[in-house]
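The listed protein sequences correspond, in order, to chains F and U.
Using the working numbering, read the first sequence as starting at 1 and increasing by one per residue.
Using the working numbering, read the second sequence as starting at 1 and increasing by one per residue.
Virtual Cβ for every residue (Gly too), placed ideally from N, Cα, C.
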Amino acid sequence: MTIIETKNLNLHYGDNHALINVSLSFMKNEITALIGPSGCGKSTFLRVLNRMNDIIKDVRIDGEVIFDGVNIYAPDIDPMRIRKNIGMVFQKPNPFPMSIYDNVAYAPRYHKVKKRAVLDEIVEKSLRKAALWEEVKDRLKKSALSLSGGQQQRLCIARAVALEPEILLLDEATSALDPISTFKIEDLIQDLKKTYTVIMVTHNMQQAARVSNKTAFFLLGDMLEFGDTEKIFGNPVNPKTQEYVSGRFG
Amino acid sequence: MNNDSPYKRTVHMDTVIIRTLACLAAGIALLILFGIIGYIFFQGLPAINWAFLSTEPSFLDQTYGIAPMIINTVYITVLALLIILPIGIGGAIYLSEYSKQGKILSLIRFTIEILSGIPSIVYGLFGALFFVLFFNMGYSILAGAFTLALIVLPIVVRTTEESLKSVDPTYREAALSMGVNKLYTIRTILLPCAMPGIIAAIILSVGRMVGESAALLCTSGTAYQLPGDIATHYKNSGATLAVQIYQCFTERPPGMTDATPFAIAAILMLVVLLLNFLTYIVGKGIKRG
Chain F
1 MTIIETKNLN LHYGDNHALI NVSLSFMKNE ITALIGPSGC GKSTFLRVLN
51 RMNDIIKDVR IDGEVIFDGV NIYAPDIDPM RIRKNIGMVF QKPNPFPMSI
101 YDNVAYAPRY HKVKKRAVLD EIVEKSLRKA ALWEEVKDRL KKSALSLSGG
151 QQQRLCIARA VALEPEILLL DEATSALDPI STFKIEDLIQ DLKKTYTVIM
201 VTHNMQQAAR VSNKTAFFLL GDMLEFGDTE KIFGNPVNPK TQEYVSGRFG
Chain U
1 MNNDSPYKRT VHMDTVIIRT LACLAAGIAL LILFGIIGYI FFQGLPAINW
51 AFLSTEPSFL DQTYGIAPMI INTVYITVLA LLIILPIGIG GAIYLSEYSK
101 QGKILSLIRF TIEILSGIPS IVYGLFGALF FVLFFNMGYS ILAGAFTLAL
151 IVLPIVVRTT EESLKSVDPT YREAALSMGV NKLYTIRTIL LPCAMPGIIA
201 AIILSVGRMV GESAALLCTS GTAYQLPGDI ATHYKNSGAT LAVQIYQCFT
251 ERPPGMTDAT PFAIAAILML VVLLLNFLTY IVGKGIKRG
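Below, the structure written as structure tokens:
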């Protein structure tokens, strides 16, 4: 079942045509990897999906992004509500300078969860989902900045899933981490797909091949090829895709 | 060593001369600085005692004390902070978080730059016309506080804005991605992160206000009887420490001696030194945090 799809999506940064007629649909409870060389538009595309490009100056977006049956760029849509349902984790771990508990409780508190017991439950559940609970359950009141980089990134995942989003967007979420933390997060992503739909941008082709069900290949703002990950990495149709996944450029 | 070696050290006369001159210049600057501080402390400190700090100038007894000036200084400074902090911090939040790059923003910034370059006597003149006369506050602590608030506005806005801008931009992104609105982000993340900068802004402002005299002469006046409660005293005239130094040369309050202005100056300088030290501590806190 399709959960989110783009139809003839075009994005301009000023005069720069950064995304050209991209039509893609993402299946519920699947992991889709967006790959391509730097500057190909994959991160820009990811940010279209939860309207994170809204804050950037001189961005023009045409086309449709259909989520839950509505075009999220329709004028009567509140982007805040969209983002509540489509969470995001960034390249650099960026926990807030507050306690581990407060980080996870941050958005639920804003969205009117007031009761202590309910918050406690959300915090524990989210940390468990992020495979971090066992490591931090005795020091929830400690500063999140005292955690290691890999733990911080899992905390950011916990913070994003605390809102029970339907989709989780990962923007090169492991590129700042060491290999062991990276594997932990890859395992975690496999778990997360049971509950969420995961769309991830990655520079690391092995990671895309290891983790994802579907892969989309971007080049210079064009989405050149989209399909099952085995197909994209094993027997792609487009010769450019073939060149990229075999490491001939990138 | 062979005297013809190409690696032999040679002495360049021009380097030596420049270095000597530079050292001399630095020495003179330091000497002047310490000379002034030393002279003021030497002249002033012996005159400071408990009676000096805790009494008011008395025509009857011909005794002198600076208690009223200390209290006036505290009143004016605190009132001015109460006036300026909401406006200054609010303005900084607008500039850093809400404003869009463009003509209006450059105009606001330009205006703030200009404000910080205006001589304080001009602020005094404006305060005298605007607060004292137009708003009918009279020569009063309140009029002085409003005028001081204007003077430190650029310091508060600029320092707060800088510290807001130095907050990790990925925090804003993360908060945005959770469907949280700007106000909540400002309240829960940006302001707490910017707090050391805001405290530095407060300390810098207090330093500026404590030392201000010209602007207050025109607005809060020169009365030096012991003030009452702030609830009533805000509408009365009152001299601050800096203003009183000026008065020592013009009207000679009762009981004062030649050492009195130096003693007040010494106290002002101690306060300013203390404030600078506090700024330094807070600054170190920022780097570590």
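Check                                                                                                               : Outcome
For Gly87 (chain F), the residue or residues it bridges with in DSSP                                                : F:Leu168
Beta carbon proximity, Gln62 (chain U) to chain F, threshold 9 Å                                                    : no
Limits of the alpha helix (DSSP H) - the one that Met195 (chain U) falls within                                     : Leu191 to Val210
Own chain, CB closer than 6 Å to Leu95 (chain U), minus 5 neighbours either side, in chain order                    : Glu161
Alpha-carbon to alpha-carbon, Ile104 (chain U) and Gly69 (chain F)                                                  : 41 Å
For Tyr13 (chain F): DSSP bridge partner residues                                                                   : F:Asn16 and F:Val59
Partner residues on chain F for Leu105 (chain U), Cβ-Cβ distance less than 7 Å                                      : Simply none; closest approach about 13 Å.
C-beta atoms of Phe262 (chain U) and Ile37 (chain U) nearer than 9 Å                                                : no
Chain U contact for Arg81 (chain F) (CB, 9 Å cutoff)                                                                : yes
Ala239 (chain U) vs Pro68 (chain U) beta-carbon contact at 9 Å                                                      : yes
Continuous alpha helix (DSSP H) assignments of at least 4 residues falling wholly in the segment 63-119 of chain F  : 79-85 and 100-110
Proximal chain F residues relative to Val180 (chain U), where beta-carbon distance stays under 9 Å                  : Met80, Arg83, Lys84, Tyr106, Ala107, Tyr110 and His111
Interface residues of chain U facing Ile55 (chain F) [CB-CB closer than 9 Å]                                        : Arg172, Glu173 and Leu176
Nearest-angstrom Cα separation, counted from Phe26 (chain F) out to Leu155 (chain F)                                : 26 Å
Extent of the continuous beta strand (DSSP E) run through Glu225 (chain F)                                          : Asp222 to Asp228
Residues bridged to Leu34 (chain F) (per DSSP)                                                                      : F:Val201 and F:Ala216
Minimum Cβ-Cβ distance from Ala130 (chain F) to chain U less than 9 Å                                               : no
Cα-Cα separation between Gln151 (chain F) and Lys28 (chain F), rounded to whole angstroms                           : 27 Å
Residue of U:Gly221, U:His12 and U:Arg109 minimising C-alpha distance to Met137 (chain U)                           : U:Gly221
Boundaries (first-last residue) of the alpha helix (DSSP H) holding Asn290 (chain U)                                : No answer is possible for residue 290 (chain U): it lies beyond the span of chain U, which begins at 1 and ends at 289.
Best match in F:Gly14, F:Glu30, F:Leu24 and F:Ala33 for proximity to Val59 (chain F) [C-alpha to C-alpha]           : F:Gly14
Touch test, the segment 29-40 of chain F against the segment 78-88 of chain F, Cβ-Cβ under 8 Å, three pairs minimum : no
Candidates F:Glu5, F:Ile189, F:Leu119 and F:Asp191: closest to Leu163 (chain F) by CA position                      : F:Leu119
CB contact flag (Leu241 (chain U), Ile141 (chain U), <9 Å)                                                          : no
Beta carbon of Glu186 (chain F) nearer than 9 Å to that of Arg210 (chain F)                                         : yes
Chain-ordered neighbours of Tyr184 (chain U) on chain F, where CB pairs are closer than 7 Å                         : Tyr110
Reduced DSSP secondary structure (H/G/I, E/B, other) of Val167 (chain U)                                            : coil
Partners in chain F for Ile189 (chain U), counting only beta-carbon separations shorter than 7 Å                    : Phe96
Short Cβ contact (9 Å threshold) for Ile245 (chain U) with Ala145 (chain U)                                         : no
When F:Ile77, F:Asp102 and F:Ala107 are compared against Asp54 (chain F), the one with the closest alpha-carbon     : F:Ile77
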